[in-house]
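Note that the sequence shown covers residues -24 to -1, 1 to 129 in mature numbering (1 follows the signal peptide of the UniProt record, and there is no 0). Don't be surprised by glycine CBs; every beta carbon is placed ideally from N, CA and C. Treat the numbers as computed from the prediction; the structure is a model and nothing was measured. First comes the structure, then the notes that go with it.
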Amino acid sequence: MQSKMRTCLTILLAAVLCAEQAHSLKCYTCIAQSSNDQCLIPTDCTDGDKYCATIVGTDKSTDSLWCFTCENQSSNWHCLKITKCSDADKYCLTTVGFLGFGMWAARRQITKKCSPNCPHFNINLGLASYSTTCCQSTLCNLSGKPPPKSGPQ
(Lines of atoms letter the chains of each structure in order from A and count residues from 1; the text may use other names and numbers.)
(Lines give C-alpha, C1' and ligand atoms only; values in the text may rest on other atoms or scores of the structure.)
Protein backbone atom coordinates (compact mmCIF):
# COMPACT_ATOMS: atom_id res chain seq x y z
CA MET A 1 0.00 0.00 0.00
CA GLN A 2 2.83 2.38 0.87
CA SER A 3 4.65 1.65 -2.38
CA LYS A 4 1.46 2.39 -4.40
CA MET A 5 0.99 5.64 -2.47
CA ARG A 6 4.65 6.56 -2.98
CA THR A 7 4.37 5.78 -6.72
CA CYS A 8 1.20 7.88 -7.05
CA LEU A 9 2.79 10.80 -5.21
CA THR A 10 5.92 10.55 -7.37
CA ILE A 11 3.83 10.59 -10.56
CA LEU A 12 1.76 13.49 -9.25
CA LEU A 13 4.90 15.44 -8.32
CA ALA A 14 6.42 14.80 -11.76
CA ALA A 15 3.20 15.95 -13.46
CA VAL A 16 3.11 19.15 -11.41
CA LEU A 17 6.78 19.92 -12.06
CA CYS A 18 6.49 19.25 -15.79
CA ALA A 19 3.24 21.12 -16.29
CA GLU A 20 3.67 24.27 -18.30
CA GLN A 21 2.41 27.31 -16.47
CA ALA A 22 0.42 29.71 -18.59
CA HIS A 23 0.81 33.39 -17.87
CA SER A 24 -1.96 35.45 -19.37
CA LEU A 25 -1.27 38.80 -20.97
CA LYS A 26 -2.11 41.86 -18.87
CA CYS A 27 -2.89 45.21 -20.46
CA TYR A 28 -3.69 48.61 -18.99
CA THR A 29 -7.21 49.68 -19.90
CA CYS A 30 -9.43 52.73 -19.89
CA ILE A 31 -12.15 54.27 -22.02
CA ALA A 32 -12.46 57.91 -23.08
CA GLN A 33 -9.95 59.41 -20.66
CA SER A 34 -8.17 62.71 -21.23
CA SER A 35 -4.92 61.53 -19.61
CA ASN A 36 -2.86 58.34 -19.47
CA ASP A 37 -2.72 58.82 -15.69
CA GLN A 38 -6.26 57.45 -15.61
CA CYS A 39 -5.36 54.42 -17.77
CA LEU A 40 -3.32 52.43 -15.25
CA ILE A 41 -5.85 49.67 -14.51
CA PRO A 42 -4.27 46.25 -15.23
CA THR A 43 -6.67 43.82 -16.90
CA ASP A 44 -6.19 40.10 -17.66
CA CYS A 45 -6.59 39.48 -21.39
CA THR A 46 -8.20 36.42 -22.97
CA ASP A 47 -6.08 33.41 -23.89
CA GLY A 48 -6.18 34.30 -27.59
CA ASP A 49 -4.88 37.85 -27.10
CA LYS A 50 -1.21 38.35 -27.99
CA TYR A 51 -0.79 42.13 -27.89
CA CYS A 52 -1.97 45.21 -26.03
CA ALA A 53 -3.22 48.04 -28.25
CA THR A 54 -3.47 51.74 -27.53
CA ILE A 55 -6.01 53.78 -29.46
CA VAL A 56 -5.94 57.55 -29.17
CA GLY A 57 -8.65 59.60 -30.80
CA THR A 58 -9.32 63.26 -31.20
CA ASP A 59 -12.24 65.29 -32.43
CA LYS A 60 -11.54 65.72 -36.14
CA SER A 61 -14.31 68.27 -36.54
CA THR A 62 -11.70 70.90 -35.69
CA ASP A 63 -8.03 71.16 -36.50
CA SER A 64 -7.07 71.76 -32.88
CA LEU A 65 -3.64 70.76 -31.67
CA TRP A 66 -3.46 68.54 -28.59
CA CYS A 67 -0.25 68.19 -26.56
CA PHE A 68 0.99 66.34 -23.51
CA THR A 69 1.53 68.89 -20.73
CA CYS A 70 3.34 69.11 -17.39
CA GLU A 71 5.53 71.55 -15.53
CA ASN A 72 8.90 70.94 -13.86
CA GLN A 73 8.49 67.17 -13.45
CA SER A 74 11.34 64.76 -12.68
CA SER A 75 9.75 61.86 -14.58
CA ASN A 76 7.98 61.57 -17.92
CA TRP A 77 5.32 59.46 -16.12
CA HIS A 78 4.04 62.73 -14.66
CA CYS A 79 3.82 64.30 -18.13
CA LEU A 80 0.91 62.35 -19.59
CA LYS A 81 -1.86 64.91 -19.18
CA ILE A 82 -3.46 65.80 -22.52
CA THR A 83 -4.38 69.43 -23.19
CA LYS A 84 -6.21 71.05 -26.10
CA CYS A 85 -4.09 73.96 -27.29
CA SER A 86 -5.42 77.40 -28.12
CA ASP A 87 -5.86 78.45 -31.75
CA ALA A 88 -2.69 80.57 -31.45
CA ASP A 89 -0.57 77.56 -30.45
CA LYS A 90 1.13 75.82 -33.37
CA TYR A 91 3.65 73.61 -31.53
CA CYS A 92 3.90 71.04 -28.78
CA LEU A 93 7.02 72.07 -26.87
CA THR A 94 9.14 69.87 -24.60
CA THR A 95 11.99 71.26 -22.50
CA VAL A 96 14.38 69.03 -20.61
CA GLY A 97 16.84 70.38 -18.07
CA PHE A 98 19.45 68.14 -16.50
CA LEU A 99 21.95 68.71 -13.72
CA GLY A 100 24.46 66.02 -12.76
CA PHE A 101 26.83 63.52 -14.29
CA GLY A 102 26.00 59.94 -15.26
CA MET A 103 24.72 57.96 -12.28
CA TRP A 104 25.08 61.01 -10.06
CA ALA A 105 22.19 62.90 -11.57
CA ALA A 106 21.16 65.60 -9.17
CA ARG A 107 18.06 66.80 -10.99
CA ARG A 108 16.09 66.23 -14.17
CA GLN A 109 13.32 68.63 -15.06
CA ILE A 110 10.74 68.12 -17.83
CA THR A 111 8.18 70.67 -18.97
CA LYS A 112 5.70 70.06 -21.81
CA LYS A 113 3.25 72.60 -23.14
CA CYS A 114 1.46 74.15 -26.09
CA SER A 115 3.35 77.03 -27.67
CA PRO A 116 2.75 79.61 -30.41
CA ASN A 117 6.45 79.45 -31.38
CA CYS A 118 9.36 77.03 -31.26
CA PRO A 119 12.41 78.38 -29.43
CA HIS A 120 15.41 76.19 -30.27
CA PHE A 121 17.73 75.61 -27.33
CA ASN A 122 20.34 72.91 -27.02
CA ILE A 123 22.86 73.92 -24.38
CA ASN A 124 25.26 71.40 -22.88
CA LEU A 125 27.74 72.58 -20.26
CA GLY A 126 28.92 69.13 -19.19
CA LEU A 127 27.31 68.92 -15.77
CA ALA A 128 24.21 70.80 -16.86
CA SER A 129 22.14 70.84 -20.03
CA TYR A 130 18.93 72.41 -21.29
CA SER A 131 17.20 71.56 -24.54
CA THR A 132 13.91 72.02 -26.33
CA THR A 133 12.14 69.99 -28.97
CA CYS A 134 9.08 71.02 -30.93
CA CYS A 135 6.59 69.16 -33.07
CA GLN A 136 3.37 70.09 -34.82
CA SER A 137 1.04 67.08 -34.75
CA THR A 138 -1.43 66.00 -32.10
CA LEU A 139 0.20 64.24 -29.11
CA CYS A 140 3.59 64.26 -30.82
CA ASN A 141 5.51 65.25 -27.67
CA LEU A 142 5.27 61.95 -25.80
CA SER A 143 9.01 61.48 -25.30
CA GLY A 144 10.67 63.11 -22.31
CA LYS A 145 14.20 62.55 -23.61
CA PRO A 146 16.42 65.37 -24.74
CA PRO A 147 17.34 65.43 -28.43
CA PRO A 148 20.44 63.46 -29.45
CA LYS A 149 23.73 65.25 -28.95
CA SER A 150 25.23 66.51 -32.17
CA GLY A 151 28.84 65.68 -32.82
CA PRO A 152 31.60 68.09 -33.83
CA GLN A 153 30.96 69.78 -37.15
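query: For Ser40, which residues in the same chain have their Cβ closer than 6 Å to its Cβ, ignoring the five residues on either side in sequence?; result: Lys60
query: Helix, strand or coil for Met13? Go by DSSP, reduced to three states.; result: Reading off the sequence, residue 13 comes out as Asp, not Met. Looking at Asp13 - three-state DSSP - the assignment turns out to be helix.
query: Considering Cα atoms alone, identify which of Ile(-14), Lys26, Tyr106 and Ser11 is closest to Trp53.; result: Ser11
query: Going by Cα to Cα distance, which pick from Phe74, Gln112 and Trp42 is closest to Gly102?; result: Phe74
query: Nearest to Thr71 by CA position, among Pro92, Ser62 and Glu47, is which residue?; result: Glu47
query: May I ask you to list the residues that DSSP assigns as paired with Ile31?; result: Answer is none; Ile31 lacks a bridge partner.
query: According to DSSP, is Asn93 part of a helix, a strand, or is it coil?; result: coil
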